[in-house]
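Chemist: Residue numbers (this note's numbering): 3 to 247. Each residue gets a CB set at the ideal place from its N, CA and C atoms; glycine is no exception.
1) Between 218, 150, 197 and 148, which has its C-alpha nearest residue 37's C-alpha?
2) So residue 230 packs on residue 223, CB below 8 Å; how close in whole Å?
3) Under the three-state reduction of DSSP, which class applies to residue 190: helix, strand or coil?
4) Looking only at its own chain, which residues have a Cβ that is under 7 Å from the Cβ of residue 199, when we skip the five neighbours before and after it?
5) Count the other CB atoms within 10 Å of the CB of residue 208; is the residue buried (16 or more) or exposed (fewer)?
6) In terms of residue numbering, what span does the alpha helix (DSSP H) encompassing residue 49 cover?
7) Comparing alpha-carbon positions, which option in 69, 101 and 95 lies nearest residue 33?
8) Output the residue ranges of the alpha helix (DSSP H) runs that lie fully inside the region 90-131 and measure 4 residues or longer, sorted by chain position.
9) Closer than 8 Å is the cut-off here; do at least three beta carbon pairs connect the region 228-242 with the region 44-64?
10) Using 9 Å as the threshold, is the C-beta distance between residue 121 and residue 75 below it?
11) DSSP on residue 54, reduced to helix/strand/coil?
12) Judging by CA-CA distance, which residue of 220, 247 and 246 is the nearest neighbour of residue 234?
13) Count the other C-beta atoms from every protein chain shown that fall within 10 angstroms of the C-beta of residue 130, then say buried if there are 16 or more, exposed otherwise.
14) Just to confirm, are residue 40 and residue 105 a CB contact at a threshold of 9 Å?
15) Identify, in the order they occur along the chain, each residue of the same chain with its Cβ nearer than 6 Å to the Cβ of residue 12, setting aside the five sequence neighbours on each side.
16) Which whole-angstrom value is the C-beta distance of residue 87 and residue 117, which I expect to be below 8 Å?
17) CA-CA distance, residue 50 and residue 63?
18) Closer than 7 Å by C-beta to residue 93: which residues in its own chain qualify, once you throw out the five before and the five after it? Chain order, please.
19) Could you give the residue range of the alpha helix (DSSP H) that holds residue 148?
20) Check each candidate in 25, 204 and 53 and name the one with the smallest Cα separation from residue 238.
21) Contact check, residue 140 vs residue 114 under 8 Å by CB: the rounded distance?
22) Whose CA, out of 99, 164 and 170, lies closest to the CA of residue 57?
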């Protein structure tokens, strides 16, 4: 009898967990399109503070931390970025020790090394090769991993041209990531990662002064999500100004 009650209790807990964490993706998406990073942080910290987390949930948590760190760096909030880089690395170490989805784990390691460079550009010659190596290893493990292609694109995008960086090469990787993401239509619904990738494509096309393509991608994004504040109020007006001129 006790065993039966225990089994039922565990099943209820698992069902509740699935429902709660299933909602996290939607809540993070809504925070992203509204630029509500305080709400994003609240969701992320709640998950981090949970004592028991499955590998799947832990990987999702790293994704949310990855997004938040990028925002912190953009806002010049270095201490906050460093804190969450440390948390994300610890979470990745757990996933690596569990041998869980190593292609994604290595792709996130590549991203974190990229963030280290963003915090201290003088470290680029020492850290850059580590970021590249992790991204390459992620692709070796899974040629169909869009996030690994995204990181290869980021490396090319942010690497100075004197060291081999190329925005055009970055666009090629970003477009490959897009093709791979779009193979699974269900996973990109209300997914901040997909909108983020499309936004990176807009920024890259803008940098190479291909304003027609940048405009087209802005319109694709707004068709998917008309309430995306960053595109609607900032990037699209900027692109349109350049396009008209």
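Modeler: So, from the data block:
1) Against the chain shown, residue 37 aligns to sequence position 35. Nearest option by C-alpha distance: 197.
2) Residue 230 sits at position 228 when you count from the first residue of the chain shown. Residue 223 sits at position 221 when you count from the first residue of the chain shown. Right, their Cβ atoms sit about 6 Å apart.
3) Mapped onto the chain shown, residue 190 falls at position 188. Correct three-state label for residue 190: coil.
4) On the chain shown, position 197 is the one that residue 199 refers to. Contacts found: 152, 176, 179, 180 and 183.
5) Taking the first residue of the chain shown as position 1, residue 208 is located at position 206. Its Cβ being crowded by 16 or more others within 10 Å, residue 208 is buried.
6) What you label residue 49 is simply residue 47 of the chain shown in a count that begins at 1. Note, residue 49: alpha helix (DSSP H), 39-50.
7) Translated into positions along the chain shown, residue 33 becomes position 31. Looking at the Cα atoms, 69 is the closest of the given residues.
8) 104-121
9) no
10) Counting from 1 along the chain shown, the entry for residue 121 is found at position 119. Counting from 1 along the chain shown, the entry for residue 75 is found at position 73. Going by C-beta atoms, residue 121 is nearer than 9 Å to residue 75.
11) Translated into positions along the chain shown, residue 54 becomes position 52. Residue state, collapsed to three classes: coil.
12) Locating residue 234 in the chain shown gives position 232, where the first residue counts as 1. Checked all of 220, 247 and 246; the closest Cα to residue 234 is 220.
13) Locating residue 130 in the chain shown gives position 128, where the first residue counts as 1. So residue 130 ends up on the buried side.
14) For the purposes of this step, residue 40 is taken as residue 38 along the chain shown, with counting starting at 1. For the purposes of this step, residue 105 is taken as residue 103 along the chain shown, with counting starting at 1. The answer is no: Cβ separation not under 9 Å.
15) To locate residue 12, count along the chain shown from 1; it is residue 10. Because the pLDDT at residue 12 is just 39, under 50, the model does not fix this residue reliably, and the point stays unresolved.
16) On the chain shown, residue 87 is found 85 positions in, with the first residue counted as 1. On the chain shown, residue 117 is found 115 positions in, with the first residue counted as 1. That belief holds up - the Cβ atoms of residue 87 and residue 117 are roughly 6 Å apart, short of 8 Å.
17) The count along the chain shown starts at 1 and reaches residue 50 at position 48. The count along the chain shown starts at 1 and reaches residue 63 at position 61. Cα-Cα distance, rounded: 7 Å.
18) Within the chain shown, residue 93 is the residue found at index 91, counting from 1. Correct list, in chain order: 60, 63 and 64.
19) Taking the first residue of the chain shown as position 1, residue 148 is located at position 146. Taken as a continuous stretch (DSSP letters only), the alpha helix (DSSP H) holding residue 148 covers 148-160.
20) As a position in the chain shown, residue 238 is number 236, starting the count at 1. Among 25, 204 and 53, the Cα nearest to that of residue 238 is on 204.
21) In the chain shown, residue 140 corresponds to position 138, counting from 1. In the chain shown, residue 114 corresponds to position 112, counting from 1. Going by Cβ atoms, the distance from residue 140 to residue 114 rounds to 13 Å, so no, they are not a contact pair.
22) As a position in the chain shown, residue 57 is number 55, starting the count at 1. Here the closest residue by C-alpha is 99.
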